[in-house]
Amino acid sequence: MIHRAFADESFPFSRHGRSLCAWLALALALGAPACSDGGKPDEHAHAEGDAHDRDAAEPAGGEHGAAEHADDVTLTPEALAANGVRIELAEARLLRPTFRVPAQIAFNRDGMAHVGSPVKGRVSELFVKLGDEVLKGAPLLSIESSELGEAQSDLLQKRSAARTTRPAVELAKNAYERAKGLYEQTQGLPLTEVQKREGEFRAAEAAREAADTAEQAAENKLHLLGMSQAEVDHLTTTGEIDPRFAVRAPIAGQVIEREVTLGELVGPDRDTLLVLADISKLWILADVPEAKLHTTAVGARALVLLGAEQDPKQSHWCEGRVTFISPALDPGTRSVRVRIEALDRHPELRPGVFAQAEITAHVEGSEPAKPVLAVPDAAVQTVEGETAVFVPVPGEPGTFAKRVVRVGASVGGMLPVFAGLAWGEAYVAEGSFILKAELGKAGAEHRH
């Protein structure tokens with residue numbers, strides 16, 4: 005099992021101005037950023053301290069002899085890029101152990117939508133194809149539906165009928181109130197006549213209510229068929245029947261499935277015509293063995309490795325957090341499915357791709373970790389029996405000097421540095437093996 009460690013928190017430490025300027029000058033000269041796709045995300049904070057004074061280690065005097073540069077090696081920008089040489093600034097890190105497990109990239113099911121049709125009809129237009137990015141509310145396809153046309157016609161008829169009942173109610177109401185007034189004032193109108201007028205008024209009211217109910221039912225049917233209130237209002241205002249129905253995107257995302265063709269008969273009986281997915285936030289599904297469950301916690305930081313770690317050009321890292329731990333154990337693999345949500349959208353993150361997830365181990369009751377200056381294992385080389393790192397030489401683009409350091413035991417792929425390198429100082433974090441090899445060649449040529 006491979007173990008690594010990385011920082012969880014930030015520490016506001018300052019960097020030495022001279023070393024930082026040298027590093028920036030080198031980066032500008034090479035025309036390359038300090039971090040590459042092959043490196044892990046910047047997850048470590050900075051620690052306070054004075055940078056190592058390179059001049060103090062140099063012999064006194066202004067002359068730069070051959071002995072002074074015996075531990076220097078120079079590479080072209082092309083060679084640096086080809087060998088994945090990456091420069092970082094020495095930082096304080098929380099050395100917390102991690103464990104690595106197999107994983108697979110998957111769609112975020114909270115950001116997916118299966119799109120169907122609420123109406124029966126034939127597809128008359130298709131507005132999207134596989135891979136298209138769509139916005140929420142964008143039309144996906146159009147359907148010619150006789151069912152929709154009939155429902156629109158029914159609403160117009162019910163609306164017209166409801167309107168004709170309103171004058172009759174007003175007439176019956178006025179007649180009833182007039183008869184009632186005459187009866188109460190002069191007794192010149194028999195009570196039976198008043199009761200008759202009242203019955204006519206109540207009947208007219210009931211007819212109006214029934215017509216209104218029928219109109220509302222017809223409108224509700226159009227809503228069930230997918231028409232919005234704005235579309236219904238347009239229909240009742242203009243009286244124009246349009247049997248075409250536009251199926252719209254319920255979410256913003258990418259069309260990942262399209263199971264429909266032009267002229268095809270569709271309807272509510274088909275659950276899915278298209279599938280949309282928001283690919284800006286994907287899931288990484290990791291299989292954590294039973295033995296590691298006690299060190300796995302929701303909220304733990306995770307790094308996801310895509311590609312082969314041995315090849316910096318083909319490997320990519322992205323950061324995420326554990327958001328869910330399945331309560332069920334797979335009896336076949338004796339592992340539990342753990343869901344990690346990616347914090348960024350890396351172009352190499354593709355659903356179905358296999359990956360490896362490094363999850364920060366959570367140890368109950370352990371003492372809080374303290375920040376220490378640390379570098380990756382790959383940054384440290386043994387050169388002529390000495391433990392060393394390589395640092396860029398100020399003012400000499402592409403030139404690096406061997407720097408002897410004193411390190412401790414590796415913790416999760418990181419080596420604590422106790423002497424030889426200062427916080428904030430630039431050093432070669434990846435690709436130092438090529439510098440060691442070139443330095444060895446130069447030494448052999450010098451001896452001969």
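Heads up: the sequence shown is residues 5 to 452, going by the numbering used here. Beta carbons: idealized from backbone N, C-alpha and C, even for Gly.
| query | result |
| --- | --- |
| Can you grab the Cα-Cα spacing for the pair A177 / A222, in whole Å? | The question names Ala, yet the displayed sequence has Lys at residue 177. Going by the C-alpha atoms only, they are around 28 Å apart. |
| Does the Cβ of D237 have 16 or more other Cβ atoms within 10 Å, making it buried, or fewer, making it exposed? | exposed |
| With distances taken between CB atoms, is the gap from R343 to L289 smaller than 9 Å? | yes |
| Counting along the chain, where does the beta strand (DSSP E) carrying A359 start and finish? | F358 to T364 |
| Tell me which residue opens and which closes the beta strand (DSSP E) that H118 is part of. | M116 to V119 |
| By a C-beta neighbour count over all protein chains shown, 10 Å radius and 16 as the cutoff for buried, is H227 buried or exposed? | exposed |
| Quick check on DSSP: helix, strand or coil for G153? | helix |
| Hey, which unbroken runs of the alpha helix (DSSP H) at 4 residues or more fall wholly within the stretch 197-269? | 233-242 |
| Using only CA atoms, which one of P122, F205, P194 and V264 lies nearest to E181? | F205 |
| Going by alpha carbons, who is nearest to E261 out of D282, F249 and T242? | D282 |
| Between P171, G203, T168 and R167, which lies nearest to A183 when the distance is taken from Cα to Cα? | G203 |
| Give the single residue among A378, E209, D136 and F103 whose Cα lies nearest to the Cα of A413. | A378 |
| If you run the structure through DSSP and keep just helix, strand and coil, what is S4? | No answer is possible for residue 4: the residues shown for the chain start at 5 and end at 452. |
| D136 by DSSP, collapsed to three states: which one? | coil |
| Which value, in whole angstroms, describes the spacing of the CA atoms of R4 and L195? | What the structure shows of the chain is the stretch from 5 to 452, and residue 4 is not part of that stretch, so it cannot be assessed. |
| Closest to D348 by CA distance: which of K285, E390 and G399 is it? | K285 |
| With a threshold of 7 Å on Cβ separation, who are the neighbours of G267 within its own chain once the five nearest residues in sequence on each side are excluded? | R126 and V127 |
| Rounded C-beta distance between I329 and V308? I'm assuming under 8 Å. | That pair is no contact at about 17 Å. |
| Looking only at its chain, what residues have a beta carbon closer than 8 Å to the beta carbon of D275, apart from the 5 residues adjacent to it on each side? | H118 and G120 |
| Might you give, ordered along the chain, the residues of its own chain that have their beta carbon closer than 8 Å to the beta carbon of V408, omitting 5 neighbours on each side? | E390, T391, A392 and G424 |
| Rounded to whole angstroms, what is the Cα-Cα separation between S453 and H366? | With the chain represented from 5 up to 452, any question about residue 453 goes unanswered, as that position is not in the structure. |
| R354 to L278, Cα distance in whole Å? | 19 Å |
| Suppose you measure from the CA of L134 to the CA of R252; what does that come to, to the nearest Å? | 16 Å |
| Quick check on the DSSP output: the beta strand (DSSP E) that includes L130 runs from which residue to which? | G125 to L130 |
| Alpha carbon to alpha carbon, how far is V380 from A83? | The sequence as given places Pro at residue 380; Val does not occur at that position. Their Cα atoms are separated by approximately 22 Å. |
| Can you name the residues that DSSP bridges to P380? | M418 |
| So the candidates are E294, A85, E400 and Q258; which of them puts its Cα closest to the Cα of A332? | E294 |
| By alpha-carbon positions, which one of G399, E174 and E400 ends up nearest to A207? | E174 |
| By a C-beta neighbour count over all protein chains shown, 10 Å radius and 16 as the cutoff for buried, is Q156 buried or exposed? | buried |
| Can you tell me which of W287, A441 and T217 puts its alpha carbon nearest to the alpha carbon of V387? | A441 |
| Give a yes or no on contact between the stretch 228-248 and the stretch 136-153, applying the rule of three or more CB pairs nearer than 8 Å. | yes |
| Within its chain, find whatever has a CB closer than 8 Å to the CB of F111; leave out the 5 residues flanking it on each side and keep chain order. | I260, A281, I283, L286, W287 and P355 |
| Roughly how many angstroms lie between the CA atoms of G402 and R410, to the nearest whole one? | 25 Å |
| For D136, which residues in the same chain have their Cβ closer than 6 Å to its Cβ, ignoring the five residues on either side in sequence? | V259 |
| Put D185 into one of helix, strand or coil per three-state DSSP. | The question names Asp, but residue 185 in the sequence shown is Gly. Reduced to three states, the DSSP call for G185 is helix. |
| What first and last residue would you give for the alpha helix (DSSP H) that runs through P81? | P81 to A86 |
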